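Worksheet for the structure shown next.
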Amino acid sequence: MEPIINSKLPEFKVQAFHNGSFKTVTNEDVKGKWAIFFFYPADFTFVCPTELVDMAEKYDQFQSMGVEVYSVSTDSHFVHKAWHDASESIRKIKYPMLADPTGVLCRAFGVMIEEEGVAYRGTFLVNPEGQIKLAEIQDNNIGRNAEELLRKVEAAQFVATHDGEVCPAKWRKGAATLKPSIDLVGKL
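Quick look at the structure:
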C-alpha cells in the first residue's frame with residue numbers, strides 16, 4: 210500500500226450539491242486552499258447525519274481558518290439534494306456535498322469498500338500545495354468529532370508556517386510547541 214501522507218491530491222471532476230444547486234467541483238477548485246475531504250458511507254443512514262451536522266456546526270470556524278470542507282459519498286448529487294430537502298438537520302450544511310457514484314474519489318483516497326459500493330469514514334486534510342497532510346480512516350460504526358479535527362487542522366497550519374516546530378499531543382492553538390533536537394529525542 211502506497212503511503213498517502215504528502216501525496217498529491219488526485220485529479221477529479223465530480224458533481225456536487227451546494228447551497229441549493231448543483232455544480233461541478235474539480236481538483237482545480239482546491240488548489241491554493243486548505244481543504245478537508247470528509248468521506249462517509251451513504252445518505253439517509255444513522256451515524257452519517259450526526260457527523261455531517263457536527264461539521265456543519267463548525268463550518269464557520271473552518272472557513273475562518275481558510276479551510277473548505279467537502280463531504281463525499283457514493284450517492285449521486287440528486288440523492289444529496291433529496292436528503293437535504295427531506296432532513297431539517299442536513300439543511301444546516303453549507304459546505305459542498307460531493308457525489309462520487311462511480312467511486313473514483315473513494316478509490317483514489319483508499320476508502321472504497323468494493324463489496325458494498327460505499328466508503329469507509331475517511332478524513333483527509335489537503336494543504337494549499339495539494340499535498341495530503343492528514344489521513345484518518347475508521348470503521349463505519351465509529352463516528353468522528355469535528356472538534357478533534359479543528360485541533361488537528363490548527364496544528365497542521367501552525368507547523369506549515371513555523372519551520373522546524375512540531376505540535377505535541379494535546380497541543381492547542383497558543384500552547385507551547387517543540388523544536389526537535391537530539392537531546393529531546395533521546396529523552397523520549
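The sequence shown: position 141 = 350 (our numbering), numbered continuously.
Backbone N, C-alpha and C fix where the C-beta goes; we use that ideal spot for every residue, glycine too.
Every value quoted in this text rests on a predicted model; they were computed, and no experiment measured them.
Proximity of residue i and residue j at Cβ, strictly below 8 Å
i	j	result
Val327	Ala225	no
Val320	Gly331	yes
His286	Ala308	yes
Ser296	Pro258	yes
Glu277	Tyr304	yes
Phe261	Ile302	The sequence given here has Leu at residue 261, not Phe. In this structure, Ile302 lies closer than 8 Å to Leu261 by Cβ.
Ser280	Met306	yes
Lys242	Pro337	yes
Reduced DSSP category for residue i - H, G, I as helix; E, B as strand; rest coil
i	result
Lys232	strand
Met274	coil
His227	strand
Leu218	coil
Val256	coil
Glu374	coil
Arg353	coil
Phe246	strand
Arg360	helix
Tyr268	helix
Lys342	strand
Arg381	coil
Ala308	strand
Val262	helix
Val368	helix
Phe287	helix
Ile322	strand
Ala295	helix
Glu251	Per the sequence shown, residue 251 should be read as Ala rather than Glu. Here Ala251 sits in coil by DSSP.
Inter-residue Cα distance where the pair is residue i and residue j
i	j	result
Ile351	Phe247	14 Å
Asp348	Glu374	32 Å
Ile341	Ala244	9 Å
Asp238	Gln270	20 Å
Leu218	Gly339	5 Å
Leu393	Leu343	Residue confidence for Leu393 is low, a pLDDT of 49 falling below 50, so the modelled location carries little weight and cannot support an answer.
Gly189	Lys382	The requested residue 189 does not occur in the structure, where the chain is confined to residues 210 to 397.
Lys240	Val335	9 Å
Asn228	Asp284	17 Å
Glu211	Phe318	11 Å
Ser230	Lys290	8 Å
Phe367	Pro377	12 Å
Ile346	Ile213	11 Å
Ser298	Lys267	14 Å
Gly395	Val234	Low local confidence applies: a pLDDT of 47 at Gly395 is under 50, so the model's placement there is unreliable, with the coordinate-based value given in what follows. Between Gly395 and Val234, the C-alpha separation is close to 47 Å.
Ser216	Phe333	11 Å
Q: Please determine if the segment 213-225 and the segment 355-363 are in contact, where contact requires at least 3 C-beta pairs separated by less than 8 Å.
A: No: the two stretches stay apart, fewer than three of their Cβ pairs being nearer than 8 Å.
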